[in-house]
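Trainee:
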Amino acid sequence: NDPTSTQPKSRSSSCSSSGVERSHNVTVLGESGVGRSLLIRQFCTSEYLGAFDHSDDDNDIKVSVLMDDEETDLSFDCSPFNQNRLEEEEESTPDAYVIVYSVADRSSFQYACDVLYSLRKENHFQKAIILVGNKSDLARARVVSTEEGHNVAVSYDCKFVETSAVLNHQVDELLAGVIRQIKLKEQQVIS
Ligand code: GDP
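If you're matching positions, the sequence shown starts at 169 in full-length UniProt numbering and goes up one per residue.
(1) Would you be able to state if there are at least three C-beta pairs under 8 Å between the stretch 295–313 and the stretch 270–286?
(2) On the criterion of 16 or more Cβ atoms from any shown chain inside 10 Å, does A309 qualify as buried, or is it exposed?
(3) Ignore the nearest five residues each way along the sequence and tell me which others in V346's own chain have a CB closer than 8 Å to its CB.
(4) E354: which of F293, D245 and N336 sits nearest, CA to CA?
(5) According to DSSP, is R308 helix, strand or coil?
(6) By alpha-carbon positions, which one of R190, R204 and S200 ends up nearest to T331?
(7) I'd like to confirm something about K327: is its beta-carbon nearer than 7 Å to some heavy atom of the ligand GDP, or not?
(8) How big is the Cα-Cα spacing for E316 and L234?
(9) Do V339 and L207 count as a contact pair if the criterion is CB distance below 8 Å?
(10) Can you determine whether any heavy atom of the ligand GDP sits closer than 7 Å to the C-beta of L206, and answer yes or no?
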């Protein structure tokens, strides 16, 4: 591991100098089959992650990340999305939304766009939002271009990353992006 890297690092290989621990809830949304569960499982097996707690509920997984000398606990909720849930969440919104589609499935991209639209309509855009084009390894089956994903993210002013959960490609970058976006949004609220 490069010690100067700002990638997430294992809790077991380094200790937080600040001693500050932060805990955040992350809701992972997307059409069934786009790879949400595998992405979260990859977070848990990453060499950069020391600790994870696979609770009895498959839809609720907790990981600990050390990044920029700060330890952050993330709790991932992957339960199915519906509009009612968004309305219920209005009182206790998560700190971040990760919206996943498959680059090989146009309907999942449309679904992700609909979710973004709903989040904006329900005023959840003060939270960190990351759009994820997963299955980037399926080059021949790709039907959603990187540019299309990027353009949607720009139009909603949210972060965008393409990943391959199967190849574990850009998965650590996604994890780091989630933490950075949460911090950024917190700073925006304070200032
Ligand atoms: P979920 O329903 O969104 O939680 O999707 P899953 O994580 O259960 O994945 C659905 C299927 O897609 C499984 O067969 C995964 O192995 C496969 N899958 C997930 N991510 C990728 C990926 O990045 N590339 C490829 N080729 N397949 C993937």
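Ideal placement from N, C-alpha and C gives every residue a C-beta, glycine not left out.
Model, not experiment: these values are computed from the prediction.
Mentor: This is what the structure gives:
(1) yes
(2) exposed
(3) V194, L242, A264, V266, A296 and I298
(4) F293
(5) coil
(6) R204
(7) no
(8) 33 Å
(9) yes
(10) yes
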